[in-house]
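Mapping of the sequence shown onto the working numbering: residues 1233 to 1759, in sequence order. One structure is given here, and the rest of the page talks about it.
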Amino acid sequence: MANVDMLWSGWGDPERAERLPDSVTGLLRELLGVHTEQLAQPVKLAEIEPPPARPVPGALEEVVGAEHVRADAETRIRHTRGKSTPDLLRIRAGDAGGAPDAVVLPGSHDEVAAVLARCAEHRVAVVPFGGGTSVVGGLAPEAGGFAAVVALDLRRLDRLVGLDSVSRTATLQPGLRAPHAERLLNEQGYTLGHFPQSFEWASIGGFAAARSSGQASAGYGRFDEMVTGLTLATPSGTLETGRAPKSAAGPDLRQLVLGSEGAFGVITDVTVRIRPLPETRVYEGWLFPSFSEGVTAVRALAQDGPLPTVLRLSDETETMIGLARPDELGEGNAAGGCLAVCGYEGTAAEVPGRREKARAVLTSLGGVYQGEEPGESWARGRFSAPYLRDALLDVGVLAETLETAGFWSNLPRLYDAVRLTLSRELPSSVVMCHVSHVYAAGASLYFTVVTAQGERPLERWRDAKAAVSDAIIEAGGTISHHHGVGVDHRDWYAREAGPLGVAALRAVKDRLDPEGIMNPGVLIPAE
Ligand SMILES: Cc1cc2nc3c(=O)[nH]c(=O)nc-3n(C[C@H](O)[C@H](O)[C@H](O)COP(=O)(O)OP(=O)(O)OC[C@H]3O[C@@H](n4cnc5c(N)ncnc54)[C@H](O)[C@@H]3O)c2cc1C
């Protein structure tokens, strides 16, 4: 493979595996009743036997070259499902059910288009595979009835196609991982400003396909807001969108491609707006007496400004445990309150004034300035929480996250509904939350739940997740603010979209993908 591979059984660079601080292990034992005999190490990669690979019809090696069609066990295992906690529990236990029959690595838009045409002709299901970080079953199609399943790994499509410094846009290929894309832009003095927690492994195509949102969304916007154009290769031909930054020429077809999660076709390039590299970056912490007072303050900034570039607010539990600052986990704030992190990025001339004005707002609404250390600590640890999840799994703890969004007026109801449901479904668990993304009209809530794995962790989580998904819809929230739909959220997405909405999506799919080979079962329920 061209790039370094992610740890097959967990997150990230195998060299950077984390060990839990003793303080945290002790806390967990006490809080969750985890016993050391429940240690749950993964099986060995060489011991996993994926189901026998079926021959893939259509002679795809004629299109991409024989070296770019792989059917060895390791490659298939590495392309089995994504990186949700249930995905990790299954693969750590040696379950590679649903592994693709082959992994195909196209090198151009034309190769992608030709592969899709051959797969449609031979009824081979296709799973577009970017960074492989989906947490919603976006890489786990329901592909019964197909001749074979291939994962279409896009890592060879990894170029910066062009940069328009006058318009401040860049066209990127979909298989570029975020750090690589960012490096290519930085070399020319620009940034994309998209830093989700999965930044180190996720791809440009995956961000577009799953409508990702980064930690600096207050300043740079969501990924879908950055996109000015996309190319989509479908089994029925190529769709090109984005002649102008904004247009009144009918419904915006970009929006049909954004969030389509591989169900309509394969995104083969993405044009995004870019920003000059910031001269200044500074992060700071604020403490609020309660979550509701903190929410009032971040709402004031979101509605009346000035808006920091990064703005997040942890609830009391997350602040106490210290997950707001993963590199100081277990050393959270014992004195109580809720920690907010505010970050400012921009020019040296502009940042101090914005920061000063925001400070005045936060102070007037009960915030107490904590200095830069809590903010800088958050920035240092911002990509390390997924490593902690692996360390927790190793000691018999299940840690999983879920997210939603709603209007400000409804946020307290949504927050209570999710917390109460999780606590009811998973007694003796710890449920934490932060406001992760803010808008003038509302915000996203991001929950982390930590519980002992105990007996049958997969089934327990599945039942709890179903109950909490019901609670989200009933409390007026969306089933996802940024993780997407996949297979896991599909039935709740259908409730959100309504029968006519689902029928309209199905009609689009029928037109673009008449044989239904594209990521079957993802996003759109079967009739
Ligand atoms: C630890 C962790 C932290 C995360 N943090 C965040 C976060 O902060 N913000 C956030 O938004 N998300 C987050 N996610 C979710 C995930 O990283 C995002 O959904 C991301 O956008 C997926 O990118 P990817 O390249 O890994 O896509 P993949 O997982 O490879 O694919 C995601 C979906 O898109 C489809 N797809 C991928 N590439 C293409 C393409 N080129 N054309 C068509 N379809 C395609 C796939 O078939 C799949 O359905 C996190 C996930 C993990 C595991």
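The beta-carbon is built from N, C-alpha and C at its ideal position, and this holds for glycine as well.
Which value, in whole angstroms, describes the spacing of the CA atoms of residue i and residue j?
i            : j            : result
residue 1275 : residue 1352 : 36 Å
residue 1632 : residue 1622 : 11 Å
residue 1551 : residue 1333 : 45 Å
residue 1711 : residue 1674 : 15 Å
residue 1249 : residue 1412 : 22 Å
residue 1616 : residue 1680 : 14 Å
residue 1750 : residue 1641 : 39 Å
residue 1390 : residue 1375 : 28 Å
residue 1345 : residue 1302 : 19 Å
residue 1462 : residue 1388 : 18 Å
residue 1748 : residue 1357 : 8 Å
residue 1707 : residue 1325 : 35 Å
residue 1512 : residue 1714 : 27 Å
residue 1624 : residue 1327 : 20 Å
residue 1572 : residue 1489 : 34 Å
residue 1234 : residue 1609 : Because residue 1234 carries a pLDDT of 42, less than 50, the predicted location of this residue cannot be relied on, and no value is offered for it.
residue 1544 : residue 1258 : 28 Å
residue 1669 : residue 1299 : 43 Å
residue 1417 : residue 1429 : 19 Å
residue 1431 : residue 1627 : 26 Å
residue 1464 : residue 1454 : 20 Å
residue 1408 : residue 1422 : 16 Å
residue 1520 : residue 1373 : 44 Å
residue 1539 : residue 1438 : 27 Å
residue 1721 : residue 1650 : 15 Å
Can the beta-carbon of residue i be found less than 7 Å from the beta-carbon of residue j?
i            : j            : result
residue 1434 : residue 1410 : yes
residue 1570 : residue 1548 : yes
residue 1240 : residue 1292 : no
residue 1444 : residue 1367 : no
residue 1737 : residue 1683 : no
residue 1477 : residue 1436 : no
residue 1403 : residue 1460 : no
residue 1716 : residue 1370 : yes
residue 1699 : residue 1635 : no
residue 1318 : residue 1693 : yes
residue 1264 : residue 1660 : yes
residue 1360 : residue 1296 : no
residue 1690 : residue 1320 : no
residue 1709 : residue 1646 : yes
residue 1336 : residue 1384 : yes
residue 1290 : residue 1355 : no
Are there 16 or more other CB atoms within 10 angstroms of the CB of residue i, so buried, or fewer, so exposed?
i            : result
residue 1596 : exposed
residue 1546 : buried
residue 1420 : exposed
residue 1601 : exposed
residue 1732 : exposed
residue 1730 : exposed
residue 1287 : exposed
residue 1524 : exposed
residue 1685 : buried
residue 1475 : exposed
residue 1755 : buried
residue 1252 : buried
residue 1599 : buried
residue 1589 : exposed
residue 1758 : exposed
residue 1440 : buried
residue 1236 : exposed
residue 1427 : buried
residue 1414 : buried
residue 1667 : buried
residue 1467 : buried
residue 1313 : buried
residue 1483 : exposed
residue 1399 : exposed
residue 1606 : buried
residue 1676 : buried
Should residue i be counted as a contact of ligand 2 given a C-beta to heavy atom distance under 6 Å?
i            : result
residue 1697 : Ligand 2 is not part of the structure shown, which contains ligand 1 as its ligands.
Mind pulling the alpha helix (DSSP H) runs of 4 or more residues that sit fully within the stretch 1299-1328? Runs of the alpha helix (DSSP H) inside the stretch 1299-1328: 1305-1310 and 1317-1324.
Inter-stretch contact at 8 Å, needing at least 3 Cβ pairs: the stretch 1480-1498 / the stretch 1528-1535: No contact exists between the stretch 1480-1498 and the stretch 1528-1535.
Assess contact between the stretch 1377-1384 and the stretch 1515-1524, defined as three or more Cβ pairs (one per stretch) separated by less than 8 Å. Is contact present? Counting Cβ pairs under 8 Å, fewer than three are found: no touch.
Give the list of continuous beta strand (DSSP E) stretches no shorter than 3 residues that lie fully inside the stretch 1554-1642. Fully contained in the stretch 1554-1642 are the following beta strand (DSSP E) runs of length 3 or more, in chain order: 1570-1578 and 1629-1639.
Taking only runs of the beta strand (DSSP E) that begin and end inside the stretch 1493-1561, which ones reach a length of at least 3 residues, in chain order? For the beta strand (DSSP E) assignment, the uninterrupted runs of no fewer than 3 residues enclosed by the stretch 1493-1561 are, from N- to C-terminal side, 1498-1505, 1512-1520 and 1542-1546.
Three Cβ pairs or more, each shorter than 8 Å: is that satisfied between the stretch 1498-1509 and the stretch 1580-1587? The stretch 1498-1509 vs the stretch 1580-1587: no contact.
Residue ranges of each alpha helix (DSSP H) within the stretch 1659-1713, 4 or longer: For the stretch 1659-1713, whole alpha helix (DSSP H) runs of length 4 or above, ordered along the chain, are 1689-1706.
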